[in-house]
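Colleague: For reference, the structure I am asking about is given below.
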Amino acid sequence: MKITIHGTGYVGLVTGSCLADAGNRVICVDVDEDKVQALNEGRIPIYEPGLEDIVTRNIGAGRLTFTMDIPEAVRSSLFQFIAVGTPPDENGAADMQYVLEVARAVAESMDDYKVLVTKSTVPVGTASKVRSEVEVVLEHRGMDTEFDVVSNPEFLKEGAAVSDFMKPDRIVVGTDSPRAERLLRALYEPFNRNHDRLISMDVQSAELTKYAANAMLATKISFMNELANMAEVFGADIEMVRIGIGSDPRIGYEFIYPGCGYGGSCFPKDVRALANAAEQSQYEPELIRAVENVNDRQKHVLFKKIMQHFGNAIDGKTLALWGLAFKPNTDDMREAPSRALMEACWAEGASIRAYDPKARAEARRIYPDRDALELCESAEEALADADALVIVTEWNEFRSPDFVTIRERLSDPVIFDGRNLYDPVFVREHGITYYGIGRGGPD
Numbered sequence: 450m451k452i453t454i455h456g457t458g459y460v461g462l463v464t465g466s467c468l469a470d471a472g473n474r475v476i477c478v479d480v481d482e483d484k485v486q487a488l489n490e491g492r493i494p495i496y497e498p499g500l501e502d503i504v505t506r507n508i509g510a511g512r513l514t515f516t517m518d519i520p521e522a523v524r525s526s527l528f529q530f531i532a533v534g535t536p537p538d539e540n541g542a543a544d545m546q547y548v549l550e551v552a553r554a555v556a557e558s559m560d561d562y563k564v565l566v567t568k569s570t571v572p573v574g575t576a577s578k579v580r581s582e583v584e585v586v587l588e589h590r591g592m593d594t595e596f597d598v599v600s601n602p603e604f605l606k607e608g609a610a611v612s613d614f615m616k617p618d619r620i621v622v623g624t625d626s627p628r629a630e631r632l633l634r635a636l637y638e639p640f641n642r643n644h645d646r647l648i649s650m651d652v653q654s655a656e657l658t659k660y661a662a663n664a665m666l667a668t669k670i671s672f673m674n675e676l677a678n679m680a681e682v683f684g685a686d687i688e689m690v691r692i693g694i695g696s697d698p699r700i701g702y703e704f705i706y707p708g709c710g711y712g713g714s715c716f717p718k719d720v721r722a723l724a725n726a727a728e729q730s731q732y733e734p735e736l737i738r739a740v741e742n743v744n745d746r747q748k749h750v751l752f753k754k755i756m757q758h759f760g761n762a763i764d765g766k767t768l769a770l771w772g773l774a775f776k777p778n779t780d781d782m783r784e785a786p787s788r789a790l791m792e793a794c795w796a797e798g799a800s801i802r803a804y805d806p807k808a809r810a811e812a813r814r815i816y817p818d819r820d821a822l823e824l825c826e827s828a829e830e831a832l833a834d835a836d837a838l839v840i841v842t843e844w845n846e847f848r849s850p851d852f853v854t855i856r857e858r859l860s861d862p863v864i865f866d867g868r869n870l871y872d873p874v875f876v877r878e879h880g881i882t883y884y885g886i887g888r889g890g891p892d
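Under the numbering used here, residues 450 to 892 are what the sequence shown spells out, in order.
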């Protein structure tokens, strides 16, 4: 099949390359000339395991191309995937201008039947707005060309996006058009062979499903973080509580790990957008707002522990920071807990020696002129001349460190573990003071 992907960000690039890898002819459109050139040369702007190989392979096979020529890309393909960003505006609502710009651009160039597929995460009612934009442009052109608008939300985890696309848990298709549904079923057939994972529903339900999924996962995280804070007050160990409740099959073990808050490009943005959309419809989303508030507070838990340990005086202190990305296997630092922590520490006069396997370049881009930030080439290097160690991201290489080396390198052997990677008893047996999340104090 012939497919055009509008937008070469995270979602668009993964979607386009994976569809090309199944044998389709895919054109990816972007307005950034430098980005298009780099992609055509096989250089991708994000880190995602396995993605670079797929992009390179399909460019070489002639199945994947990148262009700025929107009219030609529209005319060349039946499917028009909209995968542009929907950044939050000042009130937290999803900014739909780029989605609607693509809809108008498609309408300006289409001369036969097209299927417009909203892949971006969008509020309920967006498909109707896309349809209206296309109809207005077609009417202005004096054309009565047929088209369908389909909601096909993505469910890709950063760090596992290629695997999620190739072996999806579900494929949600929102449409009232039997013709469009048949075409989407045919398109996704290579990813749907083991058993039928495609779920067809009305457009509004499909749009809400994406927001509901992210809000539910964010809720589980904030719930566990709230419990972790309560566990410290009660003198309980949240890790024991986690095992106790996770054994209930109605709850399960997924997404019930306490920590220093969630970040990234999806959960924070989507939780706020869902709450904002509800309020615009005169509904007060109390639980959703609470999820956001708990997470905002949780991002400062490590900082408070650090301040308490050092007697509220960290001016001149140097902290070794392991982990900058909001989660492992990505270089994404959007709304990462590391940023809230570093900025709070800098405000109090502390310096940071940070290491992350993939996000150092991104950190330098975000903080180009921070003298109080030194980006290190290894976890061990970050320990040099540091007063304490702070764990923010649970990369695998941090899970089993040399605690003897840590104790010897730190001037004040103390670990602030924002992901509960270590056994407190084991760490303390090595002569290191330990603070976790929901695991009591340092004693």
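Even for Gly, the Cβ is constructed at its ideal location relative to N, Cα and C.
Return the Cβ separation of ASP897 and THR594 in integer angstroms, given the expectation that the two are a contact with Cβ distance under 8 Å.
Modeller: Lying outside 450 to 892, the shown extent of the chain, residue 897 is not represented and no answer is given.
Colleague: Helix, strand or coil: which one does DSSP assign to HIS455?
Modeller: Taking the first residue of the sequence shown as 1, we reach residue 455 at position 6. Strand at HIS455.
Colleague: Are the beta-carbon atoms of ALA828 and MET782 separated by less than 9 Å?
Modeller: By 1-based counting over the sequence shown, the position of residue 828 is 379. By 1-based counting over the sequence shown, the position of residue 782 is 333. Contact flag unset, no.
Colleague: Enumerate, from N- to C-terminal direction, the unbroken alpha helix (DSSP H) stretches of 4 or more residues contained entirely within the stretch 766-816.
Modeller: Those alpha helix (DSSP H) runs which fall completely within the stretch 766-816 and span 4+ residues are 786-796 and 809-815.
Colleague: Answer yes or no: do GLU656 and VAL585 have a C-beta to C-beta separation smaller than 9 Å?
Modeller: For this step, residue 656 is matched to residue 207 along the sequence shown. For this step, residue 585 is matched to residue 136 along the sequence shown. Against a cut-off of 9 Å, the Cβ pair of VAL585 and GLU656 comes out as no contact.
Colleague: How many whole angstroms separate the CB atoms of LEU790 and ALA837, which I take to be in contact at a CB cut-off of 8 Å?
Modeller: Walking along the sequence shown from the start, residue 790 turns up at place 341. Walking along the sequence shown from the start, residue 837 turns up at place 388. That belief does not hold up - the Cβ atoms of LEU790 and ALA837 are roughly 12 Å apart, past 8 Å.
Colleague: Is it the case that the stretch 717-725 contacts the stretch 682-694, given that we only count it when at least three CB pairs across the two stretches are under 8 Å?
Modeller: Touching, no, given that fewer than three Cβ pairs across the two stretches are closer than 8 Å.
Colleague: In this structure, what does DSSP give as the bridge partners for GLU823?
Modeller: The residue you call residue 823 lines up with position 374 of the sequence shown. Beta-bridge pairing links GLU823 to ARG802.
Colleague: Secondary structure at ASP597, three-state DSSP: helix, strand or coil?
Modeller: Position 148 of the sequence shown, counted from the start, is the residue given in the question as residue 597. DSSP places ASP597 in strand when its eight states are reduced to three.
Colleague: With a Cβ-Cβ cutoff of 9 Å, do CYS477 and THR453 count as a contact?
Modeller: Position 28 of the sequence shown, counted from the first residue, corresponds to residue 477. Position 4 of the sequence shown, counted from the first residue, corresponds to residue 453. Contact flag set, yes.
Colleague: Give a yes or no on contact between the stretch 707-719 and the stretch 666-679, applying the rule of three or more CB pairs nearer than 8 Å.
Modeller: Touching, per the Cβ criterion.
Colleague: To test your reading of the DSSP string, which unbroken alpha helix (DSSP H) runs of 4 or more residues are found completely within the stretch 479-547?
Modeller: Correct list: 482-489, 500-509 and 519-525.
Colleague: What residues match up with ILE426 in a beta bridge as DSSP calls it?
Modeller: Residue 426 cannot be examined here, being either before or after the span of the chain that is shown, 450 to 892.
Colleague: Ignoring anything shorter than 4 residues or poking outside the stretch 634-697, list the alpha helix (DSSP H) runs there in chain order.
Modeller: Runs found: 652-683 and 687-695.
Colleague: With H, G and I counted as helix, E and B as strand and the rest as coil, what does DSSP make of LYS753?
Modeller: By one-based count along the sequence shown, residue 753 stands at place 304. Note: LYS753 maps to helix in three-state DSSP.
Colleague: Counting pairs of Cβ atoms below 8 Å between the stretch 798-807 and the stretch 740-754, do you hit three or more?
Modeller: With a cut-off of 8 Å, the stretch 740-754 and the stretch 798-807 do not count as touching, because too few Cβ pairs lie within range.
Colleague: Beta carbon of ALA667, beta carbon of MET450: below 9 Å?
Modeller: One-based indexing of the sequence shown puts residue 667 at position 218. One-based indexing of the sequence shown puts residue 450 at position 1. No, the pair does not count as a contact, with Cβ atoms beyond the cut-off.
Colleague: Is THR882 helix, strand or coil when you go by DSSP?
Modeller: Locating residue 882 in the sequence shown gives position 433, where the first residue counts as 1. DSSP places THR882 in strand when its eight states are reduced to three.
Colleague: Here's a check: name, in chain order, each residue in its chain whose Cβ is nearer than 7 Å to the Cβ of SER466, leaving out the five neighbours to either side.
Modeller: On the sequence shown, position 17 is the one that residue 466 refers to. Once the five neighbours on either side are set aside, the close Cβ partners of SER466 are LEU500, ILE503, VAL504, ASN507 and LEU513.
Colleague: Helix, strand or coil: how does DSSP classify CYS467 here?
Modeller: Translated into positions along the sequence shown, residue 467 becomes position 18. Three-state DSSP puts CYS467 in a helix.
Colleague: Taking 8 Å as the threshold, find out whether the stretch 473-492 comes into contact with the stretch 609-629 through three or more Cβ pairs.
Modeller: The answer is no - the stretch 609-629 does not touch the stretch 473-492, with fewer than three Cβ pairs under 8 Å.
Colleague: Just verifying my parser: in three-state terms, what is the DSSP assignment at LYS568?
Modeller: Counting from 1 along the sequence shown, the entry for residue 568 is found at position 119. Reduced to three states, the DSSP call for LYS568 is coil.
Colleague: Starting from the Cα of LYS616, find the closest Cα among GLY608, GLY591, ASN643 and MET592 and give me that residue.
Modeller: Position 167 of the sequence shown, counted from the first residue, corresponds to residue 616. Looking at the Cα atoms, ASN643 is the closest of the given residues.
Colleague: Touching or not, the stretch 803-811 and the stretch 773-780, by the rule of three or more beta carbon pairs under 8 Å?
Modeller: Touching, yes, given that three or more Cβ pairs across the two stretches are closer than 8 Å.
Colleague: Please confirm whether any heavy atom of the ligand HEM lies closer than 8 Å to the CB of SER649.
Modeller: In terms of ligand content, the structure shown is empty, and the ligand HEM therefore cannot be addressed.
Colleague: Report all residues from its chain with a CB closer than 7 Å to the CB of LYS718; omit the five preceding and five following residues, and keep chain order.
Modeller: Against the sequence shown, residue 718 aligns to sequence position 269. These residues qualify, in order along the chain: PRO537.
Colleague: Which whole-angstrom value describes the C-beta separation of LEU751 and ALA831, a residue pair presumed to lie in contact below a C-beta threshold of 8 Å?
Modeller: Mapped onto the sequence shown, residue 751 falls at position 302. Mapped onto the sequence shown, residue 831 falls at position 382. Actually they are not in contact, since the Cβ atoms of LEU751 and ALA831 sit about 16 Å apart, beyond 8 Å.
Colleague: Between which residues of its own chain and SER649 is the CB-CB distance below 6 Å, once the five residues before and five after are set aside?
Modeller: Position 200 of the sequence shown holds residue 649. Around SER649: VAL622 and GLU630.
Colleague: Using C-beta distances below 7 Å, list every residue in its chain close to ARG856, excluding the 5 sequence neighbours before and after it, in chain order.
Modeller: Walking along the sequence shown from the start, residue 856 turns up at place 407. The answer, listed in chain order, is PRO862, HIS879, GLY880 and ILE881.
Colleague: Relative to the C-alpha of GLU588, which residue among ALA576, GLU557, VAL564 and GLY608 is closest?
Modeller: The residue given as residue 588 occupies position 139 in the sequence shown. The shortest C-alpha separation from GLU588 is found at GLU557.
Colleague: List the residues that DSSP assigns as beta-bridge partners of GLY623.
Modeller: Residue mapping note: residue 623 aligns to position 174 of the sequence shown, counting from 1. Answer is SER600 and MET650, bridged to GLY623.
Colleague: Take GLU823 and list the residues in its own chain whose beta-carbon comes closer than 6 Å to its own, dropping the five residues that flank it on each side.
Modeller: In the sequence shown, residue 823 corresponds to position 374, counting from 1. Excluding positions up to five away in sequence, the list reads ARG802.
Colleague: Counting along the chain, where does the alpha helix (DSSP H) carrying MET559 start and finish?
Modeller: To locate residue 559, count along the sequence shown from 1; it is residue 110. No alpha helix (DSSP H) holds MET559; DSSP gives it neither H nor E.
Colleague: Do you know offhand how far TYR884's Cα is from MET756's?
Modeller: Your numbering for residue 884 matches position 435 in the sequence shown. Your numbering for residue 756 matches position 307 in the sequence shown. Computed Cα separation, rounded: 12 Å.
Colleague: Using the beta-carbon count (16 or more within 10 Å), is SER696 buried or exposed?
Modeller: Working through the sequence shown from its first residue, we reach residue 696 at position 247. It counts as exposed.
Colleague: Tell me the rounded alpha-carbon separation between LYS748 and PRO786.
Modeller: Residue mapping note: residue 748 aligns to position 299 of the sequence shown, counting from 1. Residue mapping note: residue 786 aligns to position 337 of the sequence shown, counting from 1. Rounded to whole angstroms, LYS748 to PRO786 spans 5 Å at the Cα level.
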